[in-house]
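Trainee: One structure, pasted below without further comment.
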Amino acid sequence: MIRLKDVEMEYDNGTQAIRGITLTIEDGEFIFLVGPSGAGKSTIIKLLTGEVEPTRGRVMINGFSVSNITDRQLPLMRRTVGVIFQDFRLIEKKTVYDNLAFVMRAVGMGEKELRKRIPYVLKLVGLDEKASHFPTELSGGEQQRVAIARALVNNPTTIIADEPTGNLDPDRSLELMRLLVKINTLGTTVVVVTHEKDLVDRFEKRVITIDGGRIINDSVGRYVGGHIHGKA
Amino acid sequence: MGRHNFRYFFHEGVSNMFSHGFMSFAAVGVTVACLLIMGTFSLVAVNANQQLRDMERDNEILAYVDESYTTQQARMLQSKIEAQPNVASATFITKEEATKNFQEKYTDESAFQDLDPEIFRDRFAVKTVDIRLTGETKAAVEKVEGIAEVTAYEEFSNGLITVRNIATVVCVTLIVILLVVSVFIMSNTIKLTTFDRREEIAIMRMVGATNGFIRWPFVYEGFMLGVTGAVAAFLLQWTLYEAVARGVESSDTLQLINVMSFGELWLPVAATFLVAGILVGVGGSLSAIRRFLQV
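Residue numbers (my numbering), protein chains in the order written: chain A, 1199 to 1430; chain B, 6 to 300.
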């Protein structure tokens, strides 16, 4: 479960990125986090991944309190969260298999577990035939699916996708979003940060709209003209 | 650390080394140069020290007895000389023994073979405890009533002490400077590797890798660079030392210097090089990676 309570975040340069956000995301939910540039979406992701600590308030994710997390707890917290980036962030000199293997090794998994888990995850994202390919040999959509596989491979309870379709064409974007919905149906909480109105509209999911560091709408529905017309 | 992780870290360390071949070569080269200079000065200091010990063992002060003393009176002075500070022992040598020793030394000179013992004086061969106090000992023995004159090779022993002291100071200073330089260069070499892999490190941190896991491949890389430098420096030092030792032995003017054999020294040299190489390598890599592990 993700819980933000009266969270405020001010950067060292004085920018007030988050202004008193309170929010709860239950386990197994699928959330769209939307809002214009500079609204505070990226800061929320940074708070959820422990890259920054809130200036005020409390951030809880999967049982860990980010607000006062210790250096020892931080890696453990991060193992419960899989992050997908807009620019994929794959390691080009490693094959698809090795891109997944190194994040499993990073959390102490043995070779036997790697051999069992990686083919399963690659099959889930439809890339079981591409294990020995290098990222540069794949299309943008395939690279993003590798990034999803990498986020999934350590079996996190939450997936956070930061503009995952930003570099994909509409067909690939839709395909990717369906994959995230499929992952969600398997029990993983999914938080998707996006600008893409069409995609949000296609899926009747909870949409949280942020602007100026505040939540201005939180409802299930469509994303129309920057405001949600929902069923809340 | 599991067996699989060990293999992974080792593999990553080796591939890091080869993926930055030129910088790795530079790091090993600098380590070799530093260890070689450090080792050469240390070996000079060790040899000077050994030479000094030999001198201490062989060095004698000769105390000549007043000619008015009979041999029996002269012999009585032994306990007085031995009571002086820094005197290890005093051996009485009669005029006759002194004549015989002199003649044995110059067997080729027929003119010396018929010398009258009366032209020699009874004397004591005095050994010291600490060669550095030769001057003070000489002065103390001179004050013993019945001793007419004392001779000692002060200049030679003082010269050796000076060489040893200078070698020690230069050696310690160089060791400190060279170690700092080596750590700095090693650190920069590994920093390049780290910079090249910053994306990978960021991803590792994002998926929950501990700092220890991220650090290990770089530690291995530093370790291997350090060990490679140490082994190369040891082999070069060995070759250099043997060449210098042969040169000294075959030189007419340097024959007096007794150079220790490398067989007596290789173990401490190897151990020192290995420890210094590993410290430089691992220290450099830890210093390089620290910046990337802060968030």
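In this text, a Cβ means the ideal position worked out from N, Cα and C, and glycines have one as well.
From the DSSP secondary-structure annotation, give me the bridge partner or partners of A:V1389.
Mentor: A:V1389 is bridged to A:I1229, A:I1358.
Trainee: Starting from A:N1352, find everything on chain B with Cβ-Cβ shorter than 8 Å and list it in chain order.
Mentor: Near A:N1352 (Cβ distances below 8 Å), the residues of chain B are V212, G213.
Trainee: Leaving out five residues on either side along the sequence, give the residues of the same chain with a beta carbon under 8 Å from the beta carbon of A:A1430.
Mentor: Reliability fails at A:A1430, whose pLDDT of 39 lies under 50, so the model's placement of it is uncertain and no value is given.
Trainee: Just confirm the distance between the C-beta atoms of A:I1408 and A:G1233, as a whole number of angstroms; I'd bet it's less than 8 Å.
Mentor: Sure, about 4 Å apart at Cβ, within 8 Å.
Trainee: Against chain B, which members of the region 1325–1348 of chain A pass a CB distance test of less than 7 Å?
Mentor: Going along the region 1325–1348 of chain A in chain order, one finds no residue with a Cβ nearer than 7 Å to chain B.
Trainee: Would you mind giving the Cβ-Cβ distance between A:E1361 and A:V1391, rounded to the nearest angstrom? I have them listed as a contact below 8 Å.
Mentor: With 8 Å as the limit, A:E1361 and A:V1391 qualify as a contact, their Cβ atoms being about 6 Å apart.
Trainee: Taking 8 Å as the threshold, find out whether the region 139–152 of chain B comes into contact with the region 86–100 of chain B through three or more Cβ pairs.
Mentor: In short, these stretches touch, since the Cβ pair count reaches three.
Trainee: So, under 8 Å CB-CB, A:V1389 and A:L1231 are touching, yes? Tell me the CB distance rounded to an integer number of Å.
Mentor: That belief holds up - the Cβ atoms of A:V1389 and A:L1231 are roughly 6 Å apart, short of 8 Å.
Trainee: Taking C-beta to C-beta, are B:V264 and B:A275 nearer than 8 Å?
Mentor: No. Outside cutoff.
Trainee: Under a Cβ-count criterion, where at least 16 other Cβ atoms within 10 Å of its own Cβ denotes burial, should B:S187 be classed as buried or exposed?
Mentor: By the neighbour-count rule (16 or more Cβ atoms within 10 Å), B:S187 is buried.
Trainee: Suppose the cutoff is 6 Å on Cβ atoms and the five residues either side in sequence are ignored; what does the same chain contact list for A:E1227 look like?
Mentor: T1387.
Trainee: If you draw a straight line from the alpha carbon of B:N163 to that of B:Q77, how long is it in whole angstroms?
Mentor: Roughly 35 Å between the two C-alpha positions.
Trainee: Whose CA, out of B:I86, B:M22, B:F297, lies closest to the CA of B:E150?
Mentor: Measuring from the Cα of B:E150, the nearest candidate turns out to be B:I86.
Trainee: Would you kindly work out how many angstroms separate the C-alpha atoms of B:V175 and B:F46, rounded to a whole number?
Mentor: So the two alpha carbons sit approximately 8 Å from each other.
Trainee: In this structure, how does DSSP classify B:I262 when only helix, strand and coil are distinguished?
Mentor: Note: B:I262 maps to coil in three-state DSSP.
Trainee: Please list the residues of the region 1292–1310 of chain A that have a C-beta atom closer than 8 Å to any C-beta atom in chain B, keeping them in chain order.
Mentor: Listed by position, the residues of the region 1292–1310 of chain A near chain B (Cβ gap below 8 Å) are F1300, V1301, R1303, A1304, V1305, G1306, G1308, E1309.
Trainee: Helix, strand or coil for B:F129? Go by DSSP, reduced to three states.
Mentor: Reduced to three states, the DSSP call for B:F129 is strand.
Trainee: Taking 8 Å as the CB-CB limit, is A:P1273 close to chain B?
Mentor: It does; some Cβ of chain B falls within 8 Å.
Trainee: Chain A partners of B:F2, CB-CB under 9 Å?
Mentor: Residue numbering for chain B in the displayed model covers 6 to 300; residue 2 of chain B lies beyond these limits and cannot be assessed.
Trainee: Just the chain B side, please: which residues come within less than 8 Å of A:R1142 by C-beta, in chain order?
Mentor: The first residue shown for chain A is 1199 and the last is 1430, placing residue 1142 of chain A beyond what the model contains.
Trainee: For B:A95, which residues does DSSP report across the bridge?
Mentor: B:A95 is bridged to B:V131.
Trainee: Does any residue of chain A bring its CB to less than 8 Å from the CB of B:M209?
Mentor: Output row for B:M209: interface = yes.
Trainee: Exposed or buried, what is B:V33 when buried is set at 16 or more other beta-carbons lying within 10 Å of its beta-carbon?
Mentor: B:V33 should be labelled buried.
Trainee: According to DSSP, is A:F1262 helix, strand or coil?
Mentor: In the structure shown, A:F1262 sits in a strand (DSSP, three-state: E or B).
Trainee: What does DSSP give as the partner residues of A:Q1214 in its beta bridges?
Mentor: Answer is A:E1208.
Trainee: Taking a contact to mean a Cβ-Cβ separation below 8 Å, would you say A:L1366 touches A:L1374 in this structure?
Mentor: Yes.
Trainee: How long is the line joining the alpha carbons of A:R1348 and B:A38, rounded to whole angstroms?
Mentor: For A:R1348 and B:A38, the distance between alpha carbons rounds to 45 Å.
Trainee: Examine chain A for any beta-carbon lying closer than 8 Å to the beta-carbon of B:Y13, and answer yes or no.
Mentor: Yes, B:Y13 lies at the interface with chain A (some Cβ there is under 8 Å from its Cβ).
Trainee: Count the other CB atoms, across all protein chains shown, that sit within 10 Å of the CB of B:V280; report buried if there are 16 or more and exposed otherwise.
Mentor: By the neighbour-count rule (16 or more Cβ atoms within 10 Å), B:V280 is not buried but exposed.
Trainee: In this structure, how does DSSP classify A:L1366 when only helix, strand and coil are distinguished?
Mentor: Note: A:L1366 maps to coil in three-state DSSP.
Trainee: Does DSSP classify B:I283 as helix, strand or coil?
Mentor: Helix at B:I283.
Trainee: Give a yes or no on whether the minimum CB-CB distance between B:E226 and chain A is below 8 Å.
Mentor: No, B:E226 does not count as interfacial toward chain A.
Trainee: Identify each residue in the region 1226–1257 of chain A for which the Cβ-Cβ distance to at least one residue of chain B is less than 7 Å, and report them in chain order.
Mentor: Answer set for the region 1226–1257 of chain A: T1247, E1249.
Trainee: Identify the contact partners of A:V1281 in chain B, using a Cβ-Cβ distance below 7 Å as the criterion.
Mentor: Under the 7 Å cutoff, chain B gives M211.
Trainee: Does DSSP put A:E1402 in a helix, in a strand, or in coil?
Mentor: Of the three classes helix, strand and coil, the one that applies to A:E1402 here is coil, per DSSP.
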